[in-house]
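Peer 1: Quick one: the structure is below, and I'll ask about it shortly.
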Amino acid sequence: MMTKHTTPSGVAAYEIKDDIAWVSFNRPDKRNCMNPTLNKEMGDLLSELEFRDDFGVLVLRGEGTAWSAGMDLKEYFRETEAQGLGATRRAQADAYGWWRKLRWYQKPTIAMVNGWCFGGAYGPLFACDLAFAAEDAQFGLSEINWGILPGGGATKIIRELTNFRNAMFHALMGQNVDGKTAAEWGMINEAVSADALEARVTEVARVLLEKNPVALKATKDAIRRVGEMTYDNAEDYLVRAQEAANSYDNEGRKEGIKQFIDEKSYRPGLGAYDKSKQQD
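In this note's numbering, the protein residues as written are 75 to 354.
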């Protein structure tokens, strides 16, 4: 049985079971809208967990009927703006800061979108390495409906995750799409029935846990970096990234090659080498 831990204000929570950290938006009565307190405490929580050795994959989920309905309009916008520019900038730094930390997190991350995912929630959605959703989950950029553009990175994110026409339609129309459409557009990896969502995410997490953690970190960073590079720059970056990874875990690479070539105990195209045989 998992033990649930909450942040000081209770707006975020986490549980660790079988090497998976289940981190939750924990404002179900507010559809898990992100207020300044949640953003600050989520950043602190991610920092606290990042280098612990009792888990290898982090799942971000939402308590209740929503994943996150975006930014809290009352607390994040109206009340913060009333305090002046300094307060606004601090609130932005805390929000964008924990999304940035999640984008470059030490361990693989999975968004498990169980319900609403609106506006500002596209920040942590994009920050997670993989994303799975319930087929009836709702994704929306509703900003146009209340008179602003999708800010806080949301416009860039939708343009990164889908094609030009889909992004334009999504941002201009202010209409929601369900999990099935989000998967078709490439916003998430898969949409499954709500009752199968946690099991599917757990299955994917367990596959990731079999992989070499140094290689996972290098690979997820590389996927994000090379998208903005020319081919030649990416080629050079990837050579250096592999050399840097070898400096941290050269024995892991050698063990994988040994088990394939010498022991013939696995095939890389069909699964991972046995990490338990690797010497530290």
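Beta carbons: idealized from backbone N, C-alpha and C, even for Gly.
(1) Look up residue 196 in the DSSP assignment and say whether it is helix, strand or coil.
(2) Roughly how far, in whole angstroms, is the beta-carbon of residue 194 from the beta-carbon of residue 211, given that I think they are within contact range, below 8 Å?
(3) Across the segment 120 to 132 and the segment 306 to 323, are there enough close Cβ pairs to call them in contact, namely three or more that are closer than 8 Å?
(4) Would you call the segment 139 to 152 and the segment 88 to 108 in contact, with 3 or more CB pairs under 8 Å?
(5) Ignore the nearest five residues each way along the sequence and tell me which others in residue 169's own chain have a CB closer than 6 Å to its CB.
(6) With contact counted as at least three CB pairs below 8 Å, one residue from each stretch, are the segment 242 to 250 and the segment 304 to 313 in contact?
(7) What span of residues does the beta strand (DSSP E) with residue 186 cover, start to end?
(8) Give the DSSP bridge partners of residue 136, in chain order.
(9) Just to confirm, are residue 83 and residue 137 a CB contact at a threshold of 8 Å?
(10) For a quick check, are the C-beta atoms of residue 235 and residue 224 less than 8 Å apart?
(11) Going straight from the alpha carbon of residue 275 to that of residue 159, what length do you get?
(12) According to the neighbour-count rule (16 or more other Cβ atoms, all chains shown, within 10 Å of its Cβ), is residue 94 buried or exposed?
Peer 2: Result, derived from the coordinates:
(1) If DSSP states are grouped into helix, strand and coil, residue 196 belongs with the helices.
(2) 16 Å between Cβ atoms; not a contact.
(3) no
(4) yes
(5) 113
(6) Not touching, per the Cβ criterion.
(7) 183 to 187
(8) 99
(9) No; because the gap between Cβ atoms is not below 8 Å, this pair is not in contact.
(10) no
(11) 40 Å
(12) buried
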